[in-house]
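For the protein sequence lines, the chains are X and S, in the order given. Position one of the first sequence corresponds to residue 0 (numbering that gives the first Met the number 0), numbered consecutively onward. Position one of the second sequence corresponds to residue 0 (numbering that gives the first Met the number 0), numbered consecutively onward. A virtual CB, placed ideally from N, CA and C, is assigned to each residue, including glycine.
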Amino acid sequence: MKLSELTLPISYSDSCGIALVFTSQLAARLAELHGLYGTKNCVPVPRVMSDGRLMLCGDILTEVMPGGLLAAMWDAADKKVLGESVGVMPWAEAVAMLPPDRQPV
Amino acid sequence: MAMSPRTLRPRNALHPEAASWAARVVANGGTVGTSLPAVSAFCRAIDAAGIRSKIWRLNLLCGGTSGTSVGISSCLVPLYRGPTSTGPQYGGLTDAGGAFVGSDYNETGSSGGLKSNGTTKHLDTEFAQSNISLINLHLSVSFSQMDTSGTAERVLIGHYNASQSDFAVLRSAVSTGNMEFFASSFSGNPSTSYLSSSSHLMGVRSSLTSAVLYSAGVSVGTSSATVGTPATSSFSYFVFARNNAGTADTRTSARIRMYSIGQAIDSTGAAAFANAVAAFNTAMGRT
């Protein structure tokens, strides 16, 4: 499923059940956009999955609507490209693809 | 007849540091919500306990409106950023919000505080480890909904640099079933069995041979093992995770109500600190 197939706005409870999945190239572009239009109050830090793709919790979509922490960044983004480039998958499946944390001391 | 200055002082005047916090919250796009009187009372309690200079950074994670972006913009503003309000300040003007959204936050009530999902969220204090000695250190967190899931350790606050002995973490350790405090040593660290309910947990290292873990102001673990002289690094303390040489890992999904970083606090101060935190939590309905 692609981001373009999601209907926004999305509720918090629904958004917590999905993960947004994308390439490192797109992550770099999103980081640029965040640098230009984002806020330190919400700094998404994607995690790398075992297949090399990156993931974030879908709940950040609750902050892209007007007044949200990521609204300015969302407004500046090419939503057509974003919609086709960002994959959507069930949260549990994405979490299962995360490498285990390095064993701490 | 001359009027006493005490008579002229408004009885409910805000503590200056609470007033400063309020101004910084507004500057960050937030509001003080219903928190301001409790924040002011907290400041007075800390002053009265004589431990203000020991607390170099503290965030009560309050203000704003529950479940909103404004709540996030408010709760990321720390109350204290240095051992005094006028001297050197450390770390970011705000905590960098690593992907927290409005619905992760409640200002008041039993679910008051900030809740992580344990997977993609943490705060970066931008407070470098090198700012403060690891052998004259306290780390504290008031929490509820402790995360004991999975098999990895879950760090409430900390940093770690594997190449040197410059690490300090306050964590729940699934492997041992304990809450633990580590500061510059791989062994001989104070711990206690899991705290199932909410608490103010504080780890203190006051020398190379003394570390204490407090829960609600009461010592629940001690260590007198001798540790090596720690190194220093520029890596900052993360909250809800460990800063592992620049990368967040061993995240927790706990709900955190406040955190602090500072110098070692003795047992009397620890009790007073816990009482001040408890009074704040009670005032905010965070019980």
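Handout entry: Proximity test, Cβ basis, 9 angstroms: Ile59(X) and chain S
Key = Indexing the first sequence from 1 puts residue 59(X) at position 60. For Ile59(X), the answer is yes, since a Cβ of chain S falls inside 9 angstroms of its Cβ.
Handout entry: Beta-bridge pairing of Val140(S) - partner residues as DSSP gives them
Key = Position 141 of the second sequence holds residue 140(S). DSSP output for Val140(S) lists Leu200(S), Tyr258(S) as bridge partner(s).
Practice task
State the Cα-Cα distance for the pair Met283(S) and Gly101(S), rounded to the nearest angstrom.
Solution key: If you number the second sequence from 1, residue 283(S) lands on position 284. If you number the second sequence from 1, residue 101(S) lands on position 102. For Met283(S) and Gly101(S), the distance between alpha carbons rounds to 18 angstroms.
Exercise for the section: Evaluate the contact criterion for the stretch 44-64 of chain X versus the stretch 83-100 of chain X: three or more CB pairs, one atom per stretch, below 8 angstroms. Expected result: These segments touch.
Problem - Gln262(S) beta carbon less than 9 angstroms from that of Asn135(S) - result: Translated into the one-based positions of the second sequence, residue 135(S) becomes position 136. Translated into the one-based positions of the second sequence, residue 262(S) becomes position 263. Yes, the Cβ-Cβ distance between Asn135(S) and Gln262(S) is below 9 angstroms.
Practice task
Output, in chain order, the set of chain X residues within a Cβ distance shorter than 7 angstroms of Ser72(S).
Solution key: Translated into the one-based positions of the second sequence, residue 72(S) becomes position 73. By Cβ distance, chain X contributes Asn40.
Exercise for the section: Output the distance between the C-alpha atoms of Pro36(S) and Asn243(S), rounded to the nearest integer angstrom. Expected result: Taking the second sequence and counting its residues from 1, the one referred to as residue 36(S) is at position 37. Taking the second sequence and counting its residues from 1, the one referred to as residue 243(S) is at position 244. When rounded, the distance between both Cα atoms is 37 angstroms.
Exercise for the section: Check whether the stretch 28-39 of chain X touches the stretch 66-73 of chain X, taking contact to mean three or more Cβ pairs, one atom from each stretch, closer than 8 angstroms. Expected result: yes
Exercise for the section: Say whether chain X places a C-beta atom closer than 9 angstroms to the C-beta of Thr147(S). Expected result: As a working note, residue 147(S) is residue 148 in the second sequence. It does not: the Cβ of Thr147(S) has no partner Cβ on chain X nearer than 9 angstroms.
Problem - Contact list for the stretch 92-111 of chain S against chain X, Cβ threshold 9 angstroms - result: Leu92, Thr93, Asp94, Ala95, Gly96, Gly97, Ala98, Phe99, Val100, Gly101, Ser102, Asp103
Practice task
Pick helix, strand or coil for Thr228(S), following the three-state DSSP scheme.
Solution key: For the purposes of this step, residue 228(S) is identified with residue 229 of the second sequence, where counting begins at 1. Looking at Thr228(S) - three-state DSSP - the assignment turns out to be coil, as it is neither helix nor strand.
Practice task
Note down, in chain order, all residues in the stretch 188-206 of chain S with a beta-carbon under 7 angstroms from any beta-carbon belonging to chain X.
Solution key: none
Problem - Contact under 9 angstroms by Cβ, Ser192(S) with Ala224(S) - result: Reading the second sequence from its first residue, position 193 is the one you call residue 192(S). Reading the second sequence from its first residue, position 225 is the one you call residue 224(S). Going by C-beta atoms, Ser192(S) is not nearer than 9 angstroms to Ala224(S).
Practice task
With a 10 Å radius around its C-beta and 16 neighbouring C-beta atoms as the bar for buried, classify Ser232(S) as buried or exposed.
Solution key: Residue mapping note: residue 232(S) aligns to position 233 of the second sequence, counting from 1. Looking at its Cβ environment, which holds 16 or more other Cβ atoms inside 10 Å, Ser232(S) is buried.
Handout entry: Extent of the continuous beta strand (DSSP E) run through Ile134(S)
Key = Residue numbering aside, residue 134(S) sits at position 135 when the second sequence is read from its first letter. First-last for Ile134(S): undefined, no H or E at that position.
Problem - Buried versus exposed call for Arg46(X) [16 or more other C-beta atoms within 10 Å across all chains shown] - result: Taking the first sequence and counting its residues from 1, the one referred to as residue 46(X) is at position 47. Looking at its Cβ environment, which holds 16 or more other Cβ atoms inside 10 Å, Arg46(X) is buried.
Practice task
Identify, in the order they occur along the chain, each residue of the same chain with its Cβ nearer than 7 angstroms to the Cβ of Tyr206(S), setting aside the five sequence neighbours on each side.
Solution key: Position 207 of the second sequence, counting from 1, holds the residue named residue 206(S). According to the sequence provided, residue 206(S) is Ser. The question's Tyr does not apply to it. The answer, listed in chain order, is Ile134.
Practice task
Please name the residue, chosen from Gly149(S), Ser196(S), Ser143(S), Leu113(S), that lies closest to Ala172(S) on a Cα-to-Cα basis.
Solution key: Here residue 172(S) is taken as the residue at index 173 of the second sequence, counted from 1. Distance check between Ala172(S) and each of Gly149(S), Ser196(S), Ser143(S), Leu113(S) places Gly149(S) closest, using alpha-carbon atoms only.
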